[in-house]
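*Asks:* FYI, in mature numbering (1 follows the signal peptide of the UniProt record, and there is no 0) the residues of the sequence shown are -19 to -1, 1 to 166.
Quick reminder that beta carbons are idealized off the backbone N, C-alpha and C, glycines included.
Would you mind keeping the following structure in view while I ask a few things?
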Amino acid sequence: MSAFKQYSYVLLLLQEFIAVRVQDPRIQNEGSWNSYVDYKLFLHTNSKAFTAKTSCVRRRYSEFVWLKKKLQKNSGLVPVPDLPGKSLFSFGNDDFLERRRKGLQHFLDKVVHMTVCLSDSQLHLFLQTQLPVRHIEDCVQGHTPYTVTDAILTYASSNRGYAQAQEEEPGKERSLNVSYESMER
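Right under this line is the structure:
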């Protein structure tokens, strides 16, 4: 390999990257009045902005709606990308699920490359923990015995592979494996 190619390869390795993937839409509580679809979010990055360099969580559409509202509120006049539209009765439609998945993918691809959004702790907790949105809000507002970083590191260490394990047990309802108590100092 020439010196130029080696230098180019090293530069490529040193470049910051943030890759987020929205995958595996799953209908939860199928056949029930309270069924919903959630999606696996896989994050892989070398960015210093993120505490955990890889994470895998599951999130539902309503949580994306919450995130967009919070990001828009905190970004001031900078517009946050749109989410795909909401539909009440299309869960069983594979085309709809794929369009929504692609729309959520587009949303996250844009958001993680916006400096104003990248500095928002709510985005980091959304992507790197399985905390419900109410607990994310409490953590960011300092109403928990742990910091944002504590929550991310605790989730990363105690739930490694959790979302992947869900693939092996698709009928099993997701639960929050990280409790407030487990993060108390």
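Taking 8 Å as the CB-CB limit, is Gln122 close to chain B?
*Replies:* The structure shown contains no chain B; it holds only a single protein chain.
*Asks:* So is Pro6 buried or exposed if we call it buried at 16+ other beta carbons inside 10 Å?
*Replies:* Buried, by the Cβ-count rule.
*Asks:* Please report how far the alpha carbon of Ser56 lies from the alpha carbon of Val121, in whole angstroms.
*Replies:* Their Cα atoms are separated by approximately 16 Å.
*Asks:* So, for Ala(-1): in the same chain, excluding its five sequence neighbours on each side, which residues have a beta-carbon less than 6 Å away from its beta-carbon?
*Replies:* So the list reads His25, once near-sequence residues are dropped.
*Asks:* On the three-pair Cβ rule with 8 Å, is the segment 81 to 95 touching the segment 118 to 137?
*Replies:* The answer is no - the segment 118 to 137 does not touch the segment 81 to 95, with fewer than three Cβ pairs under 8 Å.
*Asks:* Taking just the CA atoms, how far does Glu11 sit from Asp75?
*Replies:* Asp75 and Glu11: Cα-Cα distance of roughly 15 Å.
*Asks:* In the structure shown, what three-state DSSP assignment does Ser36 receive?
*Replies:* Strand, per DSSP.
*Asks:* Which of the three DSSP states, helix, strand or coil, is assigned to Asp75?
*Replies:* In this structure, Asp75 counts as helix in the three-state DSSP scheme.
*Asks:* On the CB-based measure, 16 or more other CB atoms within 10 Å of its CB, does His105 come out buried or exposed?
*Replies:* Classification of His105: buried, given that the 10 Å Cβ count is 16 or more.
*Asks:* Just to confirm before moving on: does the CB-CB distance between Val3 and Arg115 stay below 8 Å?
*Replies:* Contact flag unset, no.
*Asks:* Based on Cα-Cα distance, which residue from Gln(-5), Asn27, Lys29, Thr35 lies nearest to Lys110?
*Replies:* Note on identity: in this sequence residue 110 is Thr, with Lys being the wrong assignment. Closest by alpha carbon: Thr35.
*Asks:* Thinking C-beta only, is Leu22 closer than 8 Å to Val38?
*Replies:* Going by C-beta atoms, Val38 is nearer than 8 Å to Leu22.
*Asks:* Using only CA atoms, which one of Pro65, Val61, Ala33 lies nearest to Thr96?
*Replies:* Residue Val61 is the option with its Cα nearest to Thr96.
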